[in-house]
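Asker: Here it is, the structure in full.
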Ligand code: NAD
Ligand code: MG
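Residue numbers (the numbering used here): 4 to 394.
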């Protein structure tokens, strides 16, 4: 059976890996939509290679270059955020949500409203609007399959299990680029140093978030939202090899670990073939060669992002949207060279405190409009704090 598939964020790290898997079995898939950002040359290449029906760039000023690159191909083109939403309304059996940042939320939500199977890599969707995503999925008979490696691992460990028999969930963190750095040295970390991940090859933003453990902080929140377990049941441990992705502990003391190479094509392939398992071209682990697996506690002083995620998990409401908006603004400021590496957490903490004191995080319902509003509020508040720090 030929399946209709769409890939949002096809030109990114997750997107390219998804295209790679699809192109290995071109006769099995009918590609409906591909979307990208400013890299229109790659988007056009992918659209031609997959025979996509529609190629969308998120940026209106990229329309002309995309049109030029696809001239004569017969592939439909569109540009801008509204075009992304329209593209998400095109029927498909399987949709990959791999846009980076809060911009990925709206297209994913629209896709769910058509009862599709949504492979969810965009972690900001669950962090900012977890309850809304699950509500829409349930209402429209849609299925969400997590693609973040840790959450794919938990999902797989839970197949055939009762969630009520789960005692705890442990997700692992490689520790990123700076896992062996002292607190003092972390203060001096540069953009270039933070952009090099020891194990995974990913987009720049998530790579920096891995070094600060903001990525792990997001994943703790994702775990709480998606699997519905209490924050006290979720923990993160440092595991430098990135071979064990997550573990699920049950009431009888059993602990189910998921192992695999640090290659996102495993989690993407699992989501693509679910509920079946098919061949996925990733390396097979040689346990004897690996020899040892190492685990250690994450130091709260060096990784303040973890405590901030605890606050969000306990507070709920729109605190995830505030956390994410502040984090994205702080990350932009770090990339621009306006604040230091450790100051990113100071910005997010300051924003959460300010919003807590002024409006609270829990008063408004989690709707798309309210999430967007909270996102703006958090970014504005972050901008103020960043200005003070940069001065
Ligand atoms: P990336 O930066 O490599 O790619 C992002 C994609 O989104 C690109 O196609 C880009 O053109 C598009 N994009 C950027 N800004 C946009 C905007 N404003 N509107 C619409 N599209 C836009 O990112 P990535 O590393 O592939 O990550 C994608 C998502 O998956 C993120 O949420 C990330 O946290 C998550 N994730 C990634 C990995 C990984 O291994 N890379 C693992 C787990 C989860
Ligand atoms: Mg992950």
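The beta-carbon is built from N, C-alpha and C at its ideal position, and this holds for glycine as well. Source: prediction; values computed, not measured.
What does DSSP give as the partner residues of residue 36 in its beta bridges?
Answerer: 9 and 57
Asker: Please classify residue 339 as buried or exposed, where buried requires at least 16 neighbouring CB atoms within 10 angstroms.
Answerer: exposed
Asker: Give the straight-line distance between the Cα atoms of residue 68 and residue 83, rounded to the nearest whole angstrom.
Answerer: 14 Å
Asker: Heavy atom of the ligand MG less than 8 Å from the Cβ of residue 92, yes or no?
Answerer: no
Asker: For residue 138 and residue 149, which I take to be in contact (beta-carbon distance under 8 Å), what is that distance rounded to the nearest angstrom?
Answerer: Between residue 149 and residue 138 the Cβ distance is about 17 Å, and since that is not below 8 Å, they are no contact.
Asker: Does the beta-carbon distance from residue 411 to residue 98 come in below 9 Å?
Answerer: The structure shown does not extend to residue 411, since the chain spans only 4 to 394, so no value can be given for it.
Asker: Would the beta-carbon of residue 385 fall within 9 Å of that of residue 105?
Answerer: no
Asker: Along the chain, where does the alpha helix (DSSP H) that runs through residue 156 open and close?
Answerer: 152–160
Asker: From residue 380 to residue 292, what distance separates their C-alpha atoms?
Answerer: Residue 380 and residue 292: Cα-Cα distance of roughly 51 Å.
Asker: Which value, in whole angstroms, describes the spacing of the CA atoms of residue 146 and residue 94?
Answerer: About 14 Å.
Asker: Assuming residue 24 and residue 209 make a contact with CB atoms under 8 Å, what is their CB distance in whole Å?
Answerer: No, residue 24 and residue 209 are not in contact; Cβ-Cβ is about 19 Å, not under 8 Å.
Asker: From residue 394 to residue 18, what distance separates their C-alpha atoms?
Answerer: Taking the straight line joining both Cα atoms gives about 39 Å.
Asker: Spell out the partners DSSP gives residue 97 in its beta bridges.
Answerer: As a beta-bridge residue in DSSP terms, residue 97 pairs with 8 and 120.
Asker: If you measure from the CB of residue 39, is any heavy atom of the ligand NAD nearer than 8 Å?
Answerer: yes
Asker: Can you tell me where the beta strand (DSSP E) holding residue 249 begins and where it ends?
Answerer: 247–253
Asker: Is the beta carbon of residue 113 sitting closer than 9 Å to the one on residue 88?
Answerer: yes
Asker: Does the beta carbon of residue 302 sit closer than 9 Å to a beta carbon anywhere in chain D?
Answerer: Absence of chain D from the displayed structure is noted, only one protein chain being present.
Asker: Kindly identify the DSSP beta-bridge partner or partners of residue 259.
Answerer: 251
Asker: Throw me the rounded Cβ distance for the residue 11 and residue 102 pair, which I believe falls under 8 Å.
Answerer: Rounded to the nearest angstrom, the Cβ distance from residue 11 to residue 102 is 5 Å, consistent with a contact under 8 Å.
Asker: Could you say which of 107, 172 and 129 lies nearest to residue 257 if we only look at CA atoms?
Answerer: 172
Asker: Around the C-beta of residue 255, are 16 or more other C-beta atoms found within 10 angstroms, so that it is buried, or is it exposed?
Answerer: exposed
Asker: Output yes or no for whether 9 Å exceeds the beta carbon distance between residue 239 and residue 223.
Answerer: Yes, they are a contact pair.
Asker: Considering only DSSP beta bridges, list what residue 81 is partnered with.
Answerer: 59
Asker: Is the beta carbon of residue 152 within less than 8 Å of some heavy atom of the ligand MG?
Answerer: yes
Asker: Could you work out which residue in 316, 86 and 204 is closest to residue 226 when comparing CA atoms only?
Answerer: 316
Asker: Quick one: what's residue 387 bridged to in DSSP?
Answerer: Answer by DSSP bridge pairing: none, since residue 387 is not bridged.
Asker: Looking at C-beta atoms only, is the number of pairs between the region 191–198 and the region 120–134 that lie closer than 8 Å three or more?
Answerer: The region 191–198 makes no contact with the region 120–134; the number of CB pairs closer than 8 Å stays below 3.
Asker: Tell me whether residue 175 sits in a helix, a strand or coil according to DSSP, three-state version.
Answerer: strand
Asker: What residue from 28, 244, 328 and 37 has the CA that sits closest to residue 296's CA?
Answerer: Comparing C-alpha distances from residue 296 to each of 28, 244, 328 and 37 shows the shortest one belongs to 244.
Asker: For residue 300 and residue 241, what's the separation of their Cα atoms in angstroms?
Answerer: 6 Å
Asker: Looking at the structure shown, is residue 146 part of a helix, part of a strand, or coil, going by DSSP?
Answerer: strand
Asker: From residue 180 to residue 194, what distance separates their C-alpha atoms?
Answerer: The straight-line gap separating the alpha-carbon atoms of residue 180 and residue 194 is approximately 11 Å.
Asker: Among 63, 64 and 58, which residue has its Cα nearest to the Cα of residue 76?
Answerer: 58
Asker: Do you know whose CA, among 30, 41 and 71, lies nearest residue 52's CA?
Answerer: Of 30, 41 and 71, the residue nearest in Cα terms is 30.
Asker: Does DSSP put residue 367 in a helix, in a strand, or in coil?
Answerer: coil
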